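Input: a single structure, listed below in structure tokens.
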Amino acid sequence: MAFITEYPIWFIFLCFLLGLLCSFILYWRDSHIAQLKKWLQWSLATIRFLFVSFLAFLLLGPMLKTISSQVEKPIIIVAQDNSASILIGKDSAYIEGEFKPQMEELIAELRSDYDVNTYSFGEGVGEGLGFTFDEKQTDISLLFKDLYNIYSNRNVGAIIVASDGIFNKGVNPKYSVDLKRLKTPLYVIAMGDTSVKRDLAISGVRYNRLAYLGNTFPVEIDIVARQCAGENSKVFIAKDGKEIYSQKIAFDQSSSFLQVAIQIEAEEEGIQHYAISLEPLEDEITITNNRWDIYIDVLDSRQKILILANSPHPDLASLTQAIVANDNYQVEEKLVSEYNKSVLRNTKEFEQYNLIILHQLPSHKYPLKEFFGAIESTSLPLLTIIGSQTNLKSFNSRKTCVSITGAPSKFNEVTPELIDEFALFQLEQEHLATIKKMPPLLAPFGTYKADVGTSAFFNQKIGVVVTQKPLIIFNGRGEAKSAVITGEGLWRWQLHDAKMNGNHEIYNNLISKIVQYLSVRVNKSKFRIISKNNFIENEPLSFEAEVYNESYDLINDGEVSMTITDEGGNKFPYAFSKSKNSFRLDAGIFPVGEYEYEATTRVGDKVYNAGGELSVSPILVESISSIANHKLLASLASEHDGEMVLNSELKTVVEKIKARTDIASVSYSSMHLREMINLKWIFYIVLTFISLEWFLRKRNGTY
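To convert, count from 1 in the sequence shown and add 27; that's our numbering.
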């Protein structure tokens, strides 16, 4: 303990001098004091001297410096792999029986000389040893990362990791920078079986999570076979417990890899569960990896598009092929002559479509007054393609994006010029560069006037002259979207794309973007639930709810509740929590299976409901590989100044650690500074001085 101050040391003598001066003035020049006994005079003067000197010393801001020492035992970290792959192998009975008490005995022995902290790891890291071996994934690198964050700059003597070396999440632990930065010996207890046993496994399945009713969808199955030469098996696919497909497979080598491609027809709407399985072989080490479950969301909501044409034209096939390249759309291609006037004026006839494409309509022969009158009150989007047969007078009367006046029989050859300000959707720059080089379309000669609120995608370029005449233009005002392509000959663009690139990708993408923008309807529901329709089994089910008032402003004044129902009819009620202008729900982790949910809220006196379906898919990566990776474990231990031992030799780890001289206790010294004026006992010293002086003077009548 020591005193320090920012002032020179000789300032302390000034404090004493000030105390001496105050004491002299008070006690040697006062006649009343002179009457007191000498010992009392000297006592009072001394007290006053100490009091004033001490107060002056405190004004120098002195600090009390103390140094404390602390001895820290070496920390031994024991981490247990708690993943499911630990139990795949011939030593699973030992691990479930004898291994746990042996590990507990090892830890107890270490605690006599060290501070021992235990962890378990799999897809995450947790405190304490877990012997459930039910984690669905293994991330060894995350263990080292967490240990570094907790124990960097601590006296870590050694890390003991019990694992089979199989990892399927995170980075390869061999390249963990966190373990290198800990600079700590690593001892590994190798678990699992390294011998190659007979095993048949589904190592992966590739499929589209979305399919459309009536279509077929592809499923590709990866199969790994070990020690199966000359054996035969079968691939089965079952739906709702009923077999819908089977195929024989044969293995001609000891280790084989097969791919099986299957087409399945989507016969039922909703989330459909398909179980893919392999017929087990005799003496397989495990059959857990012989099954893989997939969930497909089958929709009956493909958007219907009508191409209504004045007459046959190459553009029609070109448009149809581009649109149906996207599975979200189905196209009906019809000539206007197929409809009579009564059908054209029937609104219900066209309400089934999400978009109508008019090719060279209205024309002189078919002005379509009945048709336009029928859809006037609807919000049906229209795409009009102008050509040589279009009646411009009738077209202009519709006030659809643009009006064209001029000689109806004259046309220009025009190429597209991109408008940089266009922002309704985007195309890739490489695609735009190709589109600018497309062959010319035939566009009417005349004066073009775009309507207010429209947005041009391309303008017409005649030769080298860029005009302000729109080639493709959109109007997104109100609920009824519309667009106009002011030239015919799109089929030339399709052929040019095939010639230059060997496919129709760029042309198809352009048409798809136009169709997608026009056909997407604005969601006008006042209660919406936003969620994924597929989760994995270790992922919490999360939902977001949006509630709108009559003005379509987001509100969260009320309450939102939800009921989740499993396949057995069990119901799980939940309440959403408020989050800014919306509602959120974390329903936690659910078992593998299919679920339905229905949410309810009240806005004023109206009750709104919203629901849907979701599925929880299993994680099977732990069962794909049954071969322990002791080579990785040995490499890790060797690189980090440790050793690898088999689980049958785990007791030797204690001896190896105790034999090391570099694992020792560390003494830490720390210095603490405190301002003396903040110490309570200083106050009591000052109070004692002044109180004692007052008492003695009061008792002897000098006040």
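Note that beta-carbon positions come from the ideal geometry of N, C-alpha and C, so glycine has one too. Keep in mind the model is a prediction, meaning the values are calculated, not measured.
- In the DSSP secondary-structure assignment, Ile186 is bridged to Ile104, Leu213.
- With respect to the 8 Å criterion, Asp166 and Glu154 are not classified as neighbours on the basis of their beta carbons.
- The criterion of a C-beta distance shorter than 8 Å is not satisfied by Ile250 and Lys261.
- If you check the CB distance, Asn560 and Leu641 come in under 8 Å.
- Sequence-distant partners of Arg208 (beyond 5 residues in either direction) whose C-beta falls short of 8 Å from its own C-beta, in its chain, are Tyr175, Ser179.
- Every unbroken stretch of the beta strand (DSSP E) spanning 3 or more residues and falling wholly within the segment 471 to 557 is given here in chain order: 474 to 477, 481 to 489, 492 to 502, 509 to 512, 554 to 557.
- Across the set Pro466, Met465, Ala572, Ala483, the C-alpha of Ala483 shows the shortest separation from the C-alpha of Ala450.
- By alpha-carbon distance to Cys255, the top candidate from Met698, Leu612, Leu285 is Leu285.
- Residue state for Glu720 is assigned as helix, using DSSP reduced to three classes.
- Contact between Gly585 and Thr628 holds: CB atoms are separated by about 6 Å, below the 8 Å threshold.
- If you draw a straight line from the Cα of Pro466 to the Cα of His458, it comes to about 15 Å.
- Only buried fits Leu388, as 16 or more other CB atoms lie within 10 angstroms of its CB.
- Contact check for Ile229 and Ile298: beta-carbon distance about 21 Å, past the 8 Å limit, so the pair fails to qualify.
- Where Lys685 is concerned, the enclosing alpha helix (DSSP H) starts and stops at 679 to 685.
- Ile684 places its beta carbon 8 Å or farther from that of Ala135.
- Within the same chain, Thr313, Ser653 come within 6 Å of Ile115 by CB-CB distance, once the 5 residues on both sides are set aside.
- Residue range 587 to 592 is occupied by the beta strand (DSSP E) that includes Thr590, with no alpha helix (DSSP H) assigned at that position.
- Rounded to whole angstroms, the gap between the alpha carbons of Lys361 and Phe501 is 24 Å.
- Nearest neighbour of Pro307 by Cα position, chosen from Asn316, Tyr301, His300, turns out to be Asn316.
- Ranked by Cα distance from Asp142, the first of Tyr711, Thr32, Leu719, Ala691 is Ala691.
- As the crow flies, the alpha-carbon of Glu162 is around 47 Å from that of Gly631.
- Sixteen is the threshold: since fewer than 16 other Cβ atoms of the shown chains lie within 10 Å of the Cβ of Gln280, the residue is exposed.
- Each residue's CA atom was taken as its position, placing Ser95 and Pro89 some 20 Å apart.
- In this structure the segment 198 to 207 does not touch the segment 286 to 293; the number of beta carbon pairs closer than 8 Å is below three.
- Straight through space, the alpha carbons of Phe485 and Ile446 are spaced by roughly 6 Å.
- If you compare the alpha carbons of Leu44, Leu67, Tyr475 with that of Trp721, the shortest gap goes to Leu67.
- Segment contact: the segment 663 to 676 against the segment 336 to 345, fewer than three CB-CB distances shorter than 8 Å; contact not assigned.
- Non-local beta-carbon contacts of Ala352 in its own chain, meaning distances under 6 Å to residues more than five positions away in sequence, involve Asn535 in chain order.
- Judged by beta-carbon spacing, Glu594 lies within the 8 Å limit of Glu621, meaning their Cβ atoms are closer than that value.
- In the three-state scheme derived from DSSP, where H, G and I count as helix and E and B as strand, Gly620 is classed as strand.
- At least 8 Å separates the beta-carbon of Gln164 from that of Ile533.
- Within the model, the alpha-carbon separation for Glu573 versus Ile431 is close to 44 Å.
- Taking 8 Å as the cut-off, the beta carbon of Leu333 is found closer than this to the beta carbon of Glu359.
- The straight-line gap separating the alpha-carbon atoms of Ala434 and Pro471 is approximately 8 Å.
- Taking C-alpha positions only, Val619 is separated from Ser644 by approximately 5 Å.
- A Cβ-Cβ contact shorter than 8 Å links Ala655 with Asp220.
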